[in-house]
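First the structure, in the form of structure tokens, and then the observations on it.
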Amino acid sequence: MSRALRIGSLGLALCLALPGCQGVQSALDPAGHQAGRIAGLWWLFLGVLAVVYLVVLAGLLIAASRPRRRGVLPNGPSFAREERIERRLTGGLTAWAVGTGAIILTLTGLSYAVDRDILGLTDKAELEIEVTAKQWWWQVKYNDPVPSRSFETANEIRLPVGVPVRIVLKSQDVIHSFWVPNLHGKTDLIPGRVNETTLVADREGRFRGQCAEFCGFQHANMALDVVAMPRDRFDAWRESQLSPAAAPADDLARQGQQVFLSAACVMCHTIHGTTAASRVGPDLTHVASRPSLAAGTLPYSKGNLAGWIADPQRIKPGNQMPITSLSPDQLQGVVAYLDSLK
Ligand code: HEC
Ligand SMILES: [Cu+2]
């Protein structure tokens, strides 16, 4: 056992020494209770199975390197000697079988215990966030018992540190899978079915997640971030998201708002405080406060926003947003308007 642990910690040390192993997206850098239990189990499996592997290999090497006995034993066949060898072999094989059984049973029992422990958080959730997967982005709704205090964002989940949050998982089209490795294992999102998982973050940070079930052409561009923040900052953020969109502050943005509300954009997007109230695409009420566009495809910047609106199909071919033909002036206005929606 101590040997397994030593091998485990050697692996961990090696892993942490490699750039990219710790940091943004790794099941081996747990930031939440469940991910911690899963990582612990993973290291234990690795350690135990590595020892088993080495023992089997050593046995194989010893057996292969022993000279083969040829012909009759020097002293001639001896019944007592055969019997001794037979007894030793039987003892050895029995110990091996019992050992294998014990290891398998222990690992199974521990997996079960970890599973129970992880599920035990379900009843403790204090907040509820509904995540609907779509080809190829995540709609994120913060449900509140008071409907007017519910709001919607996209491709980013914010949580208060230390508070278990129930994540209700739905899919609109095909099977997707919700996976934020630093916080928890995977849960599938299945059309016509509601699944649930619970997330809790033990420390502040931004943890990258992604769709973990191949769901079509742009599956790889279906990322989401989980941002864990202190409770007071989370509450302040929540209040800011609840406010309707900022009114355009200058002529360019005002002209941009007009274009947005008269072009096709209004058929698919919501901006609270305006007449745009469609839910085909992401809610844009506070789009400029998000770190990325189109589910992690582009980092948020004014230039990328313009590039996306000008030709979303070049940036993320096959996605559900068509090209809307806008004149350069109209595009400039729309970008100025959306960029003011902090
Ligand atoms: C047919 C529906 C449709 C129309 C019309 C449409 N969009 Fe979209 N839009 C979408 C969908 C769907 C996405 C998400 C694409 C993805 O990430 O796969 C999206 C994404 C976006 C995003 C990125 C939001 C984010 O948080 O990632 C912006 C900004 C945007 N649209 C602006 C516009 C503007 C401006 C117009 C009008 C010129 C427009 N859209 C027209 C459906 C539409
Ligand atoms: Cu997906």
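Going by the working numbering, the sequence shown opens with residue 14, and the numbers climb by one from there. No residue lacks a Cβ here, since even glycine has one placed at the ideal position from N, Cα and C.
Beta-carbon contacts of residue i that lie in its chain and below 6 Å, excluding the five residues immediately before and after
i, result
"P304", "Y313"
"L311", "N317"
"V279", "A289"
"V346", "Note that residue 346 corresponds to Gly in the displayed sequence, not to Val. Contacts found: L265, Q268, G269 and V272."
"G36", "Model confidence at G36 stands at a pLDDT of 49, short of 50, so the residue's coordinates are unreliable and nothing is read from them."
Beta-carbon separation (whole angstroms), residue i vs residue j, contact threshold 8 Å
i, j, result
"I328", "G320", "6 Å"
"E169", "L212", "Wrong, their Cβ atoms sit about 13 Å apart, outside the cutoff."
"N156", "E139", "About 12 Å; that fails the 8 Å criterion."
"T166", "D296", "6 Å"
"P243", "E217", "7 Å"
Backbone CA spacing between residue i and residue j [nearest angstrom]
i, j, result
"C224", "H189", "6 Å"
"N195", "P173", "16 Å"
"A30", "G45", "In this prediction, A30 scores a pLDDT of 49, lower than 50, which makes its location untrustworthy; no coordinate-derived value is stated."
"W250", "R171", "9 Å"
"Q333", "L123", "44 Å"
"A115", "V193", "33 Å"
"Q38", "G53", "17 Å"
"Q254", "S302", "9 Å"
"S338", "F164", "30 Å"
"D248", "H299", "16 Å"
"R94", "L102", "12 Å"
"C228", "L73", "44 Å"
"S161", "I336", "33 Å"
"T287", "I131", "43 Å"
"G175", "A48", "14 Å"
Environment of residue i [buried if 16+ CB atoms lie within 10 Å]
i, result
"S353", "buried"
"A108", "exposed"
"T113", "exposed"
"L351", "buried"
"P284", "It is worth fixing the name first, because residue 284 is Ile in this sequence and not Pro. I284 comes out buried."
"K147", "buried"
"D263", "exposed"
"G105", "exposed"
"C34", "Only weak support is given to the placement of C34: the predicted model assigns it a pLDDT of 46, under 50, and the value that follows is read from those uncertain coordinates. Classification for C34: exposed."
"A126", "exposed"
Same chain, Cβ closer than 7 Å to residue i, neighbours up to 5 away in sequence not counted
i, result
"G331", "F230 and Q231"
Cβ neighbours of residue i in the same chain (closer than 8 Å, five flanking residues each side left out)
i, result
"V348", "G269, K315, L318, A319 and I322"
(request) Count the C-beta pairs between the stretch 201-208 and the stretch 229-239 that are closer than 8 Å, then say yes if the count reaches three, no if not. (result) no
(request) Decide yes or no for the touch test of the stretch 178-193 against the stretch 256-272: beta carbon pairs closer than 8 Å, at least 3 of them. (result) no
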